[in-house]
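For reference, the structure discussed in these notes is given below.
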Amino acid sequence: MNKTTSKMLTGFKYVYLITFFALLSGFFHPLITDTSFDSVIIGVIVLFIGLTGSILLYKAAISEKRRMIFLGVGFALISISLFYIFQITGRT
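Under this note's numbering, residue 99 is the last one in the sequence shown; the count climbs by one each step, no gaps.
Laid out in structure tokens, this is it:
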């Protein structure tokens, strides 16, 4: 595959993920209720933290050298994401 095509596909993949996470974290709610977009931005960041943790767990499954590092950091990021979700929803 061409380098330019590969970079375009990678860029499209990240734009798709950002759009999906923005919609998942309630993008239309501030538009309807005339409130700020702070909660949407924080929601997208929290979802990306969880996604990064799950990617690292996948890397731990396929990696031989750094398996324990990927496992530790992956579970830590998922735990941080879960903690932030509980903080945002007020269930701490």
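Quick reminder that beta carbons are idealized off the backbone N, C-alpha and C, glycines included.
Only a predicted model underlies this, so the values are computations on that prediction, with no experimental measurement involved.
Range covered by the alpha helix (DSSP H) that runs through residue i
| i | result |
| --- | --- |
| residue 59 | 45-69 |
| residue 32 | That residue, residue 32, is in no alpha helix (DSSP H); it is neither H nor E in DSSP. |
Residue i burial status per 10 Å Cβ neighbour count (16 or more: buried)
| i | result |
| --- | --- |
| residue 54 | buried |
| residue 3 | Outside the shown range of the chain, which is 8 to 99, sits residue 3, and nothing can be said about it. |
| residue 31 | exposed |
| residue 81 | buried |
Three-way DSSP call (helix, strand, coil) for residue i in this model
| i | result |
| --- | --- |
| residue 119 | Because the chain in this structure spans residues 8 to 99, residue 119 falls outside the shown range and cannot be described. |
| residue 79 | helix |
| residue 5 | The shown model of the chain, from 8 to 99, leaves out residue 5, and the question about it has no answer. |
| residue 12 | helix |
| residue 17 | helix |
| residue 40 | helix |
Residues of its chain near residue i, where Cβ-Cβ distance is below 7 Å and the 5 sequence neighbours each way are ignored
| i | result |
| --- | --- |
| residue 28 | 51, 54 and 55 |
Residues of its chain near residue i, where Cβ-Cβ distance is below 8 Å and the 5 sequence neighbours each way are ignored
| i | result |
| --- | --- |
| residue 33 | 46, 47 and 50 |
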